[in-house]
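Q: This note's numbering numbers the first residue of the sequence shown as 100 and each following residue consecutively.
Input: one structure, supplied below.
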Amino acid sequence: MSLFWRIFVLNAAVLIAATVLLLVGPVTVSTPVVLTEAMILSAGLVAMLVANAILLRVGLAPLHRLTRAMTTIDLLRPEPRPEVAGHAGIADLFTAFNTMLDRLETERATSNARALSAQESERHRIAQELHDEVGQTLTAVLLELKRVGDQVPEPLRADVRQVQEITRGSLDEIRRIARRLRPGVLEELGLVSALKALASEVSAHAGFAVRRTFDPALPDIGHDGELVLYRVAQEGLTNVARHASAHNVDVTVRAAHDGGIDLLIRDDGVGVNGAAEGAGIRGMRERALLVGAKLTLRTVQEGGTELSLSVPPLGSRP
Numbered sequence: 100m101s102l103f104w105r106i107f108v109l110n111a112a113v114l115i116a117a118t119v120l121l122l123v124g125p126v127t128v129s130t131p132v133v134l135t136e137a138m139i140l141s142a143g144l145v146a147m148l149v150a151n152a153i154l155l156r157v158g159l160a161p162l163h164r165l166t167r168a169m170t171t172i173d174l175l176r177p178e179p180r181p182e183v184a185g186h187a188g189i190a191d192l193f194t195a196f197n198t199m200l201d202r203l204e205t206e207r208a209t210s211n212a213r214a215l216s217a218q219e220s221e222r223h224r225i226a227q228e229l230h231d232e233v234g235q236t237l238t239a240v241l242l243e244l245k246r247v248g249d250q251v252p253e254p255l256r257a258d259v260r261q262v263q264e265i266t267r268g269s270l271d272e273i274r275r276i277a278r279r280l281r282p283g284v285l286e287e288l289g290l291v292s293a294l295k296a297l298a299s300e301v302s303a304h305a306g307f308a309v310r311r312t313f314d315p316a317l318p319d320i321g322h323d324g325e326l327v328l329y330r331v332a333q334e335g336l337t338n339v340a341r342h343a344s345a346h347n348v349d350v351t352v353r354a355a356h357d358g359g360i361d362l363l364i365r366d367d368g369v370g371v372n373g374a375a376e377g378a379g380i381r382g383m384r385e386r387a388l389l390v391g392a393k394l395t396l397r398t399v400q401e402g403g404t405e406l407s408l409s410v411p412p413l414g415s416r417p
């Protein structure tokens, strides 16, 4: 039975019941209407309206639940889906809404995959240009400064050496940026070596200690899975350096029971404290969805923040 006919039948049932009561009951209507009759009819009308409201509330309750789910659901975290409830038209609405979420999730994952693939290609290009163009130019400048420093008078050599150190520092910074844009060590030496290098680099620049715990044997999660895990670790450690005011960070990478890999980053900083998610965290969630990974972020009881990422094995990805 459709929603229209369900509401019609409910209202018709209430009106028929009221009519039957008037026909078979002792109540009659005089002309003019006396006070007792008016009170009885008013009470009957109120009872009819209350009964109608209760029946409609019960019949349309699933719609209120669906409306609440539609206004509160986060497309980056669409689980759990609203359970199909009600009859006929209402159940069809639940099914259509869940189907729409499935389609949106698939289309978003496809779109994000293309966007992030283009982003990685652009990172690769910029890193290559920084290394080949800017890096080689600064290297040539260093060699020229060394040649000039050997020829200038002694009073000026200290100034030339200072310029050399500034240029060398700039060259090191450009190389560091290029490595962050394109983690060549991930392709050349693997995930564990890339994460170790990342942790050491962030620790040296941010000033906090990083304790690393890696399983000796990790399952193969494919290039996309490793790249997502590396980028999430990179963004997570960057967030700790920027916002956490932490002194110690634990980075744990271990094999999961389902054949995937779990990443855990925990610091002793100030915690999330109800702060709204920024572009960095939403970017991590979008990356996680590309490989069907689950990302959670919470403030731990002892203080600090815990970021966890569970990357599923290749065979169970969407």
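Don't be surprised by glycine CBs; every beta carbon is placed ideally from N, CA and C.
At a cut of 8 Å, does the region 187-196 reach the region 245-254 through at least three beta carbon pairs?
A: With a cut-off of 8 Å, the region 245-254 and the region 187-196 do not count as touching, because too few Cβ pairs lie within range.
Q: Looking only at its own chain, which residues have a Cβ that is under 6 Å from the Cβ of Lys-393, when we skip the five neighbours before and after it?
A: As a position in the sequence shown, residue 393 is number 294, starting the count at 1. Counting only Cβ-Cβ distances below 6 Å, and skipping sequence neighbours, we find Ser-409.
Q: Cα-Cα, which of Leu-326, Val-108, Glu-272, Val-262 is closest to Ala-226?
A: Within the sequence shown, residue 226 is the residue found at index 127, counting from 1. Per the Cα distances, Glu-272.
Q: Flag this pair as touching only if the region 254-274 and the region 308-317 have three or more C-beta atom pairs under 8 Å; answer yes or no.
A: With the cut-off at 8 Å, the region 254-274 and the region 308-317 do not touch.
Q: State the CB to CB distance for the pair Val-247 and Val-259, rounded to an integer number of angstroms; the pair is presumed to be in contact (CB under 8 Å).
A: Locating residue 247 in the sequence shown gives position 148, counting from the first residue. Locating residue 259 in the sequence shown gives position 160, counting from the first residue. Right, their Cβ atoms sit about 6 Å apart.
Q: Closest to Ala-152 by C-alpha separation, out of Ala-332, Asn-110, Leu-244, would be which residue?
A: Residue mapping note: residue 152 aligns to position 53 of the sequence shown, counting from 1. Per the Cα distances, Asn-110.
Q: According to the Cβ coordinates, are Arg-365 and Gly-403 closer than 8 Å?
A: Translated into the one-based positions of the sequence shown, residue 365 becomes position 266. Translated into the one-based positions of the sequence shown, residue 403 becomes position 304. The answer is yes: Cβ separation under 8 Å.
Q: How should Phe-307 be labelled, buried or exposed, when 16 other C-beta atoms within 10 angstroms of its C-beta is the threshold for buried?
A: Sequence index remark: in the sequence shown, residue 307 carries index 208 (1-based). Label assigned to Phe-307: buried.
Q: Would you kindly check if the distance between the Cβ of Leu-270 and the Cβ of Arg-237 is under 8 Å?
A: By one-based count along the sequence shown, residue 237 stands at place 138. By one-based count along the sequence shown, residue 270 stands at place 171. Checking the displayed sequence, the identity of residue 237 turns out to be Leu instead of Arg. Contact: yes.
Q: To which residues of the same chain is Glu-325 closer than 7 Å at the C-beta, ignoring the five residues directly before and after it?
A: Here residue 325 corresponds to residue number 226 of the sequence shown, with the count starting at 1. Only Leu-285, Leu-290 meet the Cβ criterion.
Q: Give me the DSSP bridge partner(s) of Val-350.
A: What you label residue 350 is simply residue 251 of the sequence shown in a count that begins at 1. Paired residues: Arg-311, Ile-364.
Q: Express the C-alpha separation of Ser-344 and Ala-168 in angstroms, rounding to a whole number.
A: Here the question's residue 168 lines up with position 69 in the sequence shown. Here the question's residue 344 lines up with position 245 in the sequence shown. Near 37 Å, if we compare the C-alpha coordinates of Ser-344 and Ala-168.
Q: What residue from Ala-257, Ala-117, Arg-381 has the CA that sits closest to Ala-146's CA?
A: The sequence position of residue 146 within the sequence shown is 47, counting from 1. The candidate whose alpha carbon is nearest that of Ala-146 is Ala-117.
Q: Measuring alpha carbon to alpha carbon, tell me which of Ala-293, Arg-207, Ala-305 ends up nearest Arg-384.
A: Locating residue 384 in the sequence shown gives position 285, counting from the first residue. The candidate whose alpha carbon is nearest that of Arg-384 is Arg-207.
Q: Near Pro-412, which residues of its chain fall below 6 Å by C-beta distance, leaving aside the five closest residues on each side in sequence?
A: As a position in the sequence shown, residue 412 is number 313, starting the count at 1. So the qualifying residues of the chain are Gly-358, Gly-359.
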